[in-house]
Structures are given as structure tokens and as C-alpha cells.
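> Residue numbers (this note's numbering): 13 to 64.
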């Protein structure tokens with residue numbers, strides 16, 4: 013999530029200086045990081061307990 017925040021800040025800075033294409037790239041990087049961070053955690057198969 014820290015990496016996503018850094019990309020988001022870079023996107024905001026690029027947008028404020030008029031670099032729209034660079035800002036768009038940074039936004040996409042930020043969204044990708046957020047998506048990957050959301051999938052970190054136990055996977056479904058790890059949650060299923062085997063029967064004894």
C-alpha cells in the first residue's frame with residue numbers, strides 16, 4: 013500500500029505540473045499495486061480445513 017501511495021503522490025504532482033500522460037501512468041501503477049495488495053492474504057484453499 014505504501015508503494016501505491018507513492019505512485020498516487022507522483023501522479024498528483026505530475027498532474028499539477030501539466031504532465032497528463034505521466035500522471036495517467038502513475039495512476040495505473042497505483043491501481044495495480046492496490047489490486048495486488050487486496051489479494052494478499054489467505055487463499056481460499058488455505059481456509060478449507062480437511063476432514064479428519
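Ideal Cβ positions, reconstructed from N, Cα and C, are used throughout, including at glycine.
#1: Under the rule that 16 or more other beta-carbon atoms within 10 Å means buried, what is residue 42, buried or exposed?
#2: Whole angstroms is fine: what's the gap from residue 47's alpha carbon to residue 15's?
#3: Hey, residue 49 and residue 38 are a contact pair by Cβ (cut 8 Å); roughly how many whole angstroms apart?
Taking the definition as stated:
#1: buried
#2: 12 Å
#3: So it is not a contact: roughly 16 Å between Cβ atoms.
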